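Novice: Chains as they are written, first to last, in our numbering: chain E, 1 to 432; chain Y, 433 to 742.
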Ligand SMILES: Nc1ncnc2c1ncn2[C@@H]1O[C@H](COP(=O)(O)OP(=O)(O)OP(=O)(O)O)[C@@H](O)[C@H]1O
Ligand SMILES: [Mg+2]
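1) Suppose you measure from the CA of residue 400 of chain Y to the CA of residue 484 of chain Y; what does that come to, to the nearest Å?
2) Does the beta carbon of residue 450 of chain Y fall short of 8 Å from some heavy atom of ligand 3?
3) Measuring straight from C-alpha to C-alpha, what distance separates residue 441 of chain Y and residue 477 of chain Y?
4) Beta-carbon of residue 268 of chain E versus every beta-carbon of chain Y: anything under 9 Å?
5) Check whether the Cβ of residue 270 of chain E sits closer than 8 Å to any heavy atom of ligand 2, and report yes or no.
6) Pick from E/150, E/297, E/59 and E/91: whose alpha carbon is nearest that of residue 78 of chain E?
7) Residues around ligand 1, please: the ones whose beta-carbon is closer than 5 Å to some heavy atom of it, in chain order.
8) List the residues of chain Y that residue 41 of chain E touches, going by C-beta distances under 9 Å, in chain order.
9) Who does residue 694 of chain Y pair with in a DSSP beta bridge?
10) Assuming residue 722 of chain Y contacts residue 692 of chain Y under a Cβ cut-off of 8 Å, what Cβ separation, rounded to an integer in Å, is found between them?
11) According to DSSP, is residue 117 of chain E part of a helix, a strand, or is it coil?
12) Are the CB atoms of residue 726 of chain Y and residue 663 of chain Y within a distance shorter than 9 Å?
13) With DSSP as the reference, label residue 669 of chain Y as helix, strand or coil.
14) Roughly how many angstroms separate the alpha carbons of residue 540 of chain Y and residue 638 of chain Y, rounded to a whole number?
15) Kindly say whether residue 514 of chain Y, judged by its beta-carbon, lies nearer than 9 Å to any beta-carbon of chain E.
16) Report buried or exposed for residue 708 of chain Y, applying the criterion of at least 16 other Cβ atoms within 10 angstroms of its Cβ.
17) Taking a Cβ distance cut-off of 7 Å, strictly less, list which residues of the stretch 495-511 of chain Y are near chain E, in chain order.
18) Could you check how far apart the C-beta atoms of residue 438 of chain Y and residue 489 of chain Y are, in whole angstroms? I think they sit under 8 Å.
19) Under the criterion of a Cβ to heavy atom distance below 8 Å, does residue 621 of chain Y qualify as lining ligand 2?
20) Does the structure place the stretch 556-571 of chain Y close enough to the stretch 616-634 of chain Y that three or more beta carbon pairs sit under 8 Å?
21) On the premise that residue 474 of chain Y lies in contact with residue 590 of chain Y, defined as a C-beta separation below 8 Å, what is that separation, rounded to the nearest angstrom?
22) Taking residue 528 of chain Y as the reference, give the member of Y/538, Y/507, Y/577 and Y/487 with the closest Cα.
23) Identify every residue that forms a DSSP beta bridge with residue 472 of chain Y.
24) Per DSSP, which residues does residue 720 of chain Y bridge with? Please list them.
25) Between the C-alpha atoms of residue 131 of chain E and residue 42 of chain E, what's the straight-line distance to the nearest angstrom?
26) For residue 650 of chain Y, which option in Y/642, Y/687, Y/643 and Y/629 has the closest C-alpha, if you only look at C-alpha atoms?
27) Just mark residue 775 of chain Y as buried or exposed, buried being the case when its beta carbon has 16 or more other beta carbons within 10 Å.
28) Counting contacts by CB-CB distance shorter than 9 Å, is residue 222 of chain E in contact with chain Y?
29) Helix or strand or just coil, what does DSSP make of residue 436 of chain Y?
30) With 7 Å as the limit, tell me which residues of the stretch 304-320 of chain E have their beta carbon closer than that to any beta carbon of chain Y; keep them in chain order.
31) Check whether the Cβ atoms of residue 397 of chain E and residue 300 of chain E lie closer than 9 Å to each other.
32) With three or more C-beta pairs closer than 8 Å as the rule, is the stretch 597-605 of chain Y touching the stretch 580-587 of chain Y?
33) Our contact map puts residue 128 of chain E next to residue 110 of chain E with C-beta atoms below 8 Å; I'd like the distance itself, whole angstroms only.
34) Given residue 381 of chain E, which residues of its chain have a CB within under 6 Å of its CB, disregarding the five upstream and five downstream residues?
35) Taking the alpha carbon of residue 536 of chain Y as the reference point, which residue from E/239, E/314, E/45 and E/272 has its own alpha carbon closest?
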């Protein structure tokens, strides 16, 4: 009847989520790009300019230079032959994005800008990479000539996919860093040019090329245009603080059901029955104690994450109702498990729940990693108590309001209702 | 008649835990249910207290069938389960408070009852310690206390003295007498015949789910009044000697336990001289010999051919 009596399990259920949040938060904040468990990302590449036009411009520039005597006449044709090899964009596609390691978790498609943004807003893709106009031409000039034309690749991320967005950003940064450092260039145009004693000035220019010239500009997509107000991105700490909290409160439900069997085993259940307390009172107190326990647990985790990681959980007007309903749903789950336990006269139900169900629903509910890109997991996870709650909390963190999480709230209400109905039905068969 | 149970049955898959028994409980008495492990004592009282449903038979409390309205008996019943039925992580005080509240006791009344119970059981000093840090004897006392808070008319005690020191045991036995003198009807199960003999007005002797004898101590002992029990100690166990004893006229039963031999024989049959003769014949020295007043243990032995405790 009294859930708080076991002080050891109290420490575990309160401390474990905090510990795991810390570990997972750090693990994923550092190496977001590297982890395979993040899942596959789809990106769109938008080409603002035309590669053919850029190539033509480059050829024209070389011919102009030759005409003005900057390049010796006999070398001109040789250099022109090399130009196709300076297609850095092609290198981006085949060598970087086409790299067999990269391909394991990232696929790309070339789209036009409007389509790409729409796809991003619909969540079909993770990020949009915008290759600017005159990219090839400017890159060529920057490497070969003393002129400095800033080249900026834009990465637009979806706030739902901060982890994967960061990964895309990392890859492109690697690419532009390589461009800036002349690594790619050296291997292509310039080596040939310098060997042939072409354009000493170009060589001098290379040294002065800084990373400022090739840059990846990152921004998050702004939904203001299309839907609601500005959304904030979710950090890995925020994500795992919520993920772990909603996973560990499931243990409160099964612990509650364990106590039900403990009471049968230590005969206190008989005492309670003989006091004419009746099953209703037994289940009511199970429900109330588990609900209260869950409320306390979530509150402590919120405070902890706020102090330790400065995590904001969103507007109280949304967080409080969500937390209340979540606690009620956990109380309902505990009633259901208790009634199964009492019916079976052992704690098989809550043990299975603990060993299998919690792990499963934590996985599909997104407690371990975001499941947005795996439709089946997202669908099943959305129906679990923890999955729904996770979605609700993340939305509130991003700046949504109570009205935006109505779906989540109704899922929790339905789960609670189902638990009570099933629990009552099963309990009606509990005798002796 | 307070409780009248007839043709009670409870069968588990292979075991006939309780096999067609009749029991009646009279107002104000201490009723004993005596039997070895697995006799069906706990099952019987669980049925009497409405905790489990019988597979057959009927139990009436003051004329009302309790299967129809278990509430009537539950209100007036205090039960001391065989296993200590307390929350080990709570203190004695917290346990008593909790169970008291279940009986809708509140405030000063509850505090008063708890005080009274702690006094009665001599637990005042350590009421705030957690149960799991208590000795076996103290746990048992709190276990009894929890059944007394609501001033029950009937107290059912299932082997309340198992596994405790003699001092706690005596305290508990005295408490039972005291409670009974205040008018509480008590049903007391045990496999210690001394306890039942000390406490109980009437006794049911159970074995293998059946009642094999019932009545007052005197009535039960009268069952073997045609017999007498002779106990002796010999210097060495000797098979031929025991065989000879078993063959003697008037001997009904011989029980051998190392150098101790118990004989049940017809009363006043002049058996002693024949025992001495048999000893002499087989070269066995008798270290002691006595004719005993029969105990309930002897009754059980007589009825079943086995001791109460193996
Ligand atoms: N729930 C149960 N399921 C199966 N068998 C049971 C159950 N409860 C009791 N039994 C069996 O019924 C028989 C009587 O058990 P019971 O507990 O009533 O005996 P008891 O006289 O109280 O013994 P003890 O002195 O050991 O407490 C035993 O053989 C026991 O194994
Ligand atoms: Mg028993």
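Note that CB positions come from ideal geometry on N, CA and C, so glycine has one too.
All of these numbers come straight from a predicted model, not from anything done at the bench.
Specialist: Taking the geometry as given:
1) Here chain Y has residues from 433 to 742 only, and residue 400 of chain Y is not among them.
2) As presented, the structure is devoid of ligand 3, carrying ligand 1 and ligand 2 as its sole ligands.
3) Numbered from its first residue, the second chain carries residue 441 of chain Y at position 9. Numbered from its first residue, the second chain carries residue 477 of chain Y at position 45. Between residue 441 of chain Y and residue 477 of chain Y, the C-alpha separation is close to 12 Å.
4) Mapped onto the first chain, residue 268 of chain E falls at position 268. Yes, residue 268 of chain E counts as interfacial toward chain Y.
5) For this step, residue 270 of chain E is matched to residue 270 along the first chain. The answer is no for residue 270 of chain E.
6) Looking up residue 78 of chain E in the first chain gives position 78. The candidate whose alpha carbon is nearest that of residue 78 of chain E is E/59.
7) Y/444, Y/447, Y/449, Y/469, Y/470, Y/471, Y/472, Y/473, Y/474 and Y/475
8) Translated into the one-based positions of the first chain, residue 41 of chain E becomes position 41. None at all; the shortest Cβ gap to chain Y is about 50 Å.
9) Stepping through the second chain from its first residue, residue 694 of chain Y is reached at position 262. BP columns for residue 694 of chain Y point to Y/663 and Y/687.
10) Counted from its first residue, the second chain places residue 722 of chain Y at position 290. Counted from its first residue, the second chain places residue 692 of chain Y at position 260. Incorrect: roughly 11 Å between the Cβ atoms, too far for contact.
11) Here residue 117 of chain E refers to the residue found at position 117 of the first chain. Three-state result, residue 117 of chain E: helix.
12) As a working note, residue 663 of chain Y is residue 231 in the second chain. As a working note, residue 726 of chain Y is residue 294 in the second chain. Cβ atoms of residue 663 of chain Y and residue 726 of chain Y: not closer than 9 Å.
13) Within the second chain, residue 669 of chain Y is the residue found at index 237, counting from 1. Residue 669 of chain Y: coil per DSSP, three-state reduction.
14) For the purposes of this step, residue 540 of chain Y is identified with residue 108 of the second chain, where counting begins at 1. For the purposes of this step, residue 638 of chain Y is identified with residue 206 of the second chain, where counting begins at 1. Taking the straight line from one Cα to the other gives about 43 Å.
15) Taking the second chain and counting its residues from 1, one reaches residue 514 of chain Y at position 82. Judged by the 9 Å Cβ criterion, residue 514 of chain Y is in contact with chain E.
16) Working through the second chain from its first residue, we reach residue 708 of chain Y at position 276. When all chains shown are included, residue 708 of chain Y counts as exposed.
17) 503, 506, 507, 509 and 511
18) As a working note, residue 438 of chain Y is residue 6 in the second chain. As a working note, residue 489 of chain Y is residue 57 in the second chain. About 6 Å; that satisfies the 8 Å criterion.
19) Stepping through the second chain from its first residue, residue 621 of chain Y is reached at position 189. Yes; taking the cut-off as 8 Å, the Cβ of residue 621 of chain Y has a heavy atom of ligand 2 nearer than that.
20) no
21) Taking the first residue of the second chain as position 1, residue 590 of chain Y is located at position 158. Taking the first residue of the second chain as position 1, residue 474 of chain Y is located at position 42. Rounded, the Cβ-Cβ distance is 6 Å, consistent with contact.
22) Residue 528 of chain Y sits at position 96 when you count from the first residue of the second chain. Comparing Cα-Cα distances from residue 528 of chain Y to each of Y/538, Y/507, Y/577 and Y/487, the minimum goes to Y/577.
23) As a first step, residue 472 of chain Y is located in the second chain; it is residue number 40 there, counting from the start. Beta-bridge pairing links residue 472 of chain Y to no other residue.
24) Walking along the second chain from the start, residue 720 of chain Y turns up at place 288. Residue 720 of chain Y is bridged to Y/665.
25) As a working mapping, residue 131 of chain E is identified with position 131 in the first chain. As a working mapping, residue 42 of chain E is identified with position 42 in the first chain. Residue 131 of chain E and residue 42 of chain E: Cα-Cα distance of roughly 17 Å.
26) The count along the second chain starts at 1 and reaches residue 650 of chain Y at position 218. Taking only the C-alpha atoms, the option nearest residue 650 of chain Y is Y/629.
27) Any property of residue 775 of chain Y remains undetermined from this structure, which presents chain Y solely from 433 to 742.
28) Translated into positions along the first chain, residue 222 of chain E becomes position 222. Residue confidence is low: residue 222 of chain E scores 36 on pLDDT, short of 50, so the model does not pin down where it sits. Its coordinate-derived value is still stated next. Chain Y contact via Cβ: absent.
29) Here residue 436 of chain Y refers to the residue found at position 4 of the second chain. Of the three classes helix, strand and coil, the one that applies to residue 436 of chain Y here is strand, per DSSP.
30) none
31) Translated into the one-based positions of the first chain, residue 397 of chain E becomes position 397. Translated into the one-based positions of the first chain, residue 300 of chain E becomes position 300. No, Cβ-Cβ distance for residue 397 of chain E and residue 300 of chain E is not below 9 Å.
32) no
33) Counting from one through the first chain, the residue named residue 128 of chain E turns up at place 128. Counting from one through the first chain, the residue named residue 110 of chain E turns up at place 110. Contact doesn't hold; Cβ gap of about 11 Å is too wide.
34) Walking along the first chain from the start, residue 381 of chain E turns up at place 381. Result list for residue 381 of chain E: 364, 365, 366, 371 and 387, in chain order.
35) On the second chain, residue 536 of chain Y is found 104 positions in, with the first residue counted as 1. Closest by alpha carbon: E/272.
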